[in-house]
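Since the structure comes first, as structure tokens, the remarks are kept for the end.
Number of protein chains: 2
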Amino acid sequence: MMIKKPTILVTNDDGVTAPGIKALVEAVKPFGNVVVVAPDKPQSGQGHALTLEHPVRLKAVNIFEGVEAYKCTGTPVDCVKLAKAVVLENRTADLCVSGINHGSNASVNILYSGTMSAAMEASLEGIPSIGFSLLDFAMDADFNPCVPFVQKLVKEILENGMGKANLFNVNFPKLPLAEIKGMKICRQSKGNWKEDYLIQQDPMGRNVYWLKGEFINFDTGEDTDIWALENGYVSIVPSQHDLTDYQSMEGLQHFETGKLNEIC
Amino acid sequence: MMIKKPTILVTNDDGVTAPGIKALVEAVKPFGNVVVVAPDKPQSGQGHALTLEHPVRLKAVNIFEGVEAYKCTGTPVDCVKLAKAVVLENRTADLCVSGINHGSNASVNILYSGTMSAAMEASLEGIPSIGFSLLDFAMDADFNPCVPFVQKLVKEILENGMGKANLFNVNFPKLPLAEIKGMKICRQSKGNWKEDYLIQQDPMGRNVYWLKGEFINFDTGEDTDIWALENGYVSIVPSQHDLTDYQSMEGLQHFETGKLNEIC
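For the record, the sequence lines run as chains E and X. For the first sequence, my numbering gives the first residue as 1, with consecutive numbering after it. For the second sequence, my numbering gives the first residue as 1001, with consecutive numbering after it.
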């Protein structure tokens, strides 16, 4: 059993005033000392972006009752780096939770997601981390059905750890609690986005391009996050940051060379 | 043998006017029809960021002799998405090359790297892709020693494919050609960044935070990209975008639940 109250770092990518982070802070408050460091504006789709060309700012905010909280002008990953190096300083986060994101981070969306990149950034230093997302973009999305699952995971991880994993990508279907069948450990579904830019003209008559598109799932497995979500389950994908393609390595030895002393 | 001349998409994250992309365009020009779509300004550390809050612009530029080229106001990933959906339209890229980046993208830097995210974005649609980086931040870095290796890889891949892989993270040591021992297939080294923010005051006396830090390699394996680079080799890490932590999956079944009908 823990003697010291655990420190829980909370962040997101929708910004410190988004309803999703409020729901998450309230859900995890009973389990430790909560510290929030989150972007001061929406940072969806920022992936693992860092702010390098200019400095960022950090400002204490009084948004969550009785909770130490800061807004930051940087990306979600900047928030986590600043939290560790400046805000927490000599305190260690026992857990990092990110979200609850407004919209899906299942399948390949993990790559684009600021929510998941923030959680991954914390996990890089060995902090057990969870990114939470609800498949509902609406600002008035109902996060209540997520709460018991969030609390069950957080309690279990603070008490007994995450096994050999240290990063979970958790997605909630848009369903009332009574219709959610449970939580499932899944793999990341294979899929991608098919872009279809909206091309408009600015007042000077010049083309501008708005990114839009459609997610295509081309994975028929019943062990994927997409399958779980489509079938009424909360998906948990244990995730990591080693991008090495071990499966293809064996067939690549012919790319190795010795010295190349002249232009081929 | 190819009958049709292959289409080679070139991008980067240092911007369309960076010396590294010029070196790359010249290196790959003999092997196909080159199309460049690259950011109009430096986009280092942008990871897999997308531009969602506003539209992006695309403008034809005459920078590379005899080469169709565009600059884009978005991120490296935006460049690849626009290239596929708008610039190439009905043409298919046979290969995407990104870089040559000014600075290392070995180990965990792949996560933060716009260069690698652009290459990964192309690989998501099955386009064989390579990100190239030279361990030298200087604007007058010497890219000449990279050229024979770039050409050997591009020629081999256009003729015979990439085996089961479709994304390579290639890093060059900062060495003269005669001292480079060859190319090695490697895995991504385990490491991370230790942040040490530079805190300054703005003219109003308010703190601003500049990200800086030191990369810590904690992997002693001799099969990693960091080992190869430190020992005079060009590193090739076959990379992919499935972040599922398969190794830890088995020990996580206790996180699965059935219905949770009340707040726990």
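Glycine residues also receive a C-beta, built at the ideal position from the N, C-alpha and C atoms.
Assign residue i to one of three DSSP states: helix, strand, or coil.
i, result
"F1218(X)", "coil"
"P76(E)", "helix"
"L1050(X)", "coil"
"Q1043(X)", "coil"
"V67(E)", "coil"
"I110(E)", "helix"
"M183(E)", "strand"
"N1171(X)", "strand"
"A1038(X)", "strand"
"Y233(E)", "strand"
"I1127(X)", "coil"
"Q1201(X)", "strand"
"N1012(X)", "coil"
"P238(E)", "strand"
"L24(E)", "helix"
"V61(E)", "coil"
"C1264(X)", "With a pLDDT of only 45 at C1264(X), under the threshold of 50, the placement of this residue in the model should not be trusted; the figure read from the coordinates follows. Reduced to three states, the DSSP call for C1264(X) is coil."
"K1164(X)", "coil"
"L1095(X)", "strand"
"G251(E)", "helix"
"N207(E)", "strand"
"S104(E)", "coil"
"F132(E)", "strand"
"T1115(X)", "helix"
Here's the rule I'm using: 16 or more other beta-carbon atoms within 10 Å means buried, otherwise exposed. How should residue i be labelled?
i, result
"I263(E)", "Low confidence applies to I263(E): its pLDDT is 46, below 50, so where it sits in the model is not reliable enough to give any reading."
"E1159(X)", "exposed"
"M139(E)", "exposed"
"T1220(X)", "exposed"
"L1212(X)", "What sits at residue 1212(X) in the sequence shown is Lys, not Leu. Per the 10 Å Cβ criterion, exposed."
"H1254(X)", "exposed"
"D1196(X)", "exposed"
"N1144(X)", "exposed"
"N1090(X)", "exposed"
"E199(E)", "Note that residue 199(E) is Ile in the sequence shown, not Glu. Looking at its Cβ environment, which holds fewer than 16 other Cβ atoms inside 10 Å, I199(E) is exposed."
"P1176(X)", "exposed"
"T1265(X)", "Here chain X comprises residues numbered 1001 to 1264, so residue 1265(X) is not present and cannot be evaluated."
"N1171(X)", "buried"
"G1066(X)", "exposed"
"I216(E)", "exposed"
"H241(E)", "buried"
"P30(E)", "exposed"
"K71(E)", "buried"
"F1218(X)", "exposed"
"N261(E)", "exposed"
"K1084(X)", "buried"
Below 8 Å on the Cβ atoms is my contact criterion, and I expect residue i with residue j to pass it. Report the Cβ-Cβ distance as a whole number of Å.
i, j, result
"I1100(X)", "F1132(X)", "4 Å"
"Y1209(X)", "V86(E)", "7 Å"
"T1244(X)", "Q188(E)", "5 Å"
"K174(E)", "D202(E)", "Not a contact, Cβ separation roughly 36 Å."
"A122(E)", "L52(E)", "Contact flag wrong, Cβ pair sits at about 20 Å."
"E125(E)", "N1192(X)", "6 Å"
"K1259(X)", "I180(E)", "7 Å"
"S1235(X)", "A1228(X)", "4 Å"
"G45(E)", "P76(E)", "No, G45(E) and P76(E) are not in contact; Cβ-Cβ is about 11 Å, not under 8 Å."
Would residue i and residue j be called neighbours here (beta carbons separated by less than 9 Å)?
i, j, result
"H1102(X)", "A1018(X)", "yes"
"S1104(X)", "T1224(X)", "no"
"C5(E)", "F64(E)", "According to the sequence shown, residue 5(E) is Lys rather than Cys. It is not a contact, given that the beta carbons lie outside the stated cut-off."
"N1166(X)", "I1127(X)", "yes"
"S117(E)", "A38(E)", "no"
"S98(E)", "T7(E)", "no"
"L252(E)", "M1162(X)", "yes"
"R57(E)", "R1206(X)", "yes"
"G182(E)", "E1250(X)", "no"
"G1020(X)", "A1141(X)", "yes"
"D78(E)", "K59(E)", "no"
"Y112(E)", "G47(E)", "yes"
"F168(E)", "V80(E)", "no"
Under 7 Å between beta-carbons, which chain C residues line up against residue i? List them in chain order, please.
i, result
"A165(E)", "As a matter of chain content, chain C is missing from the structure shown, whose protein chains are E and X."
Practice task
Can you give me, in chain order, the residues of the region 1234-1249 of chain X that have a beta carbon less than 9 Å from any beta carbon in chain E?
Solution key: V1234, I1236, V1237, P1238, S1239, Q1240, H1241, D1242, L1243, T1244, D1245, Y1246, Q1247, S1248, M1249
Problem - Near-chain X residues of the region 98-115 of chain E (beta-carbon distance less than 8 Å), N- to C-terminal order - result: V108, I110, L111, Y112
Practice task
Using a Cβ-Cβ cut-off of less than 8 Å, give me the residues of the region 118-151 of chain E that come near chain X, in sequence order.
Solution key: M120, L124, E125, V147, P148, F149, Q151
Practice task
Could you name the residues of the region 194-223 of chain E whose beta carbon sits closer than 9 Å to any beta carbon of chain X, in the order they occur along the chain?
Solution key: K194, E195, D196, Y197, L198, I199, Q200, D202, R206, N207, V208, Y209, W210, L211, G213
Exercise for the section: Return the residues of the region 2-30 of chain E that lie within a Cβ-Cβ distance of less than 8 Å from chain X, sorted by chain order. Expected result: none
Handout entry: Contact residues within the region 1084-1096 of chain X, judged by C-beta distance below 9 Å to chain E
Key = Those would be K1084, A1085, V1086, in chain order.
Practice task
Identify each residue in the region 1031-1046 of chain X for which the Cβ-Cβ distance to at least one residue of chain E is less than 8 Å, and report them in chain order.
Solution key: P1042, S1044, G1045, Q1046
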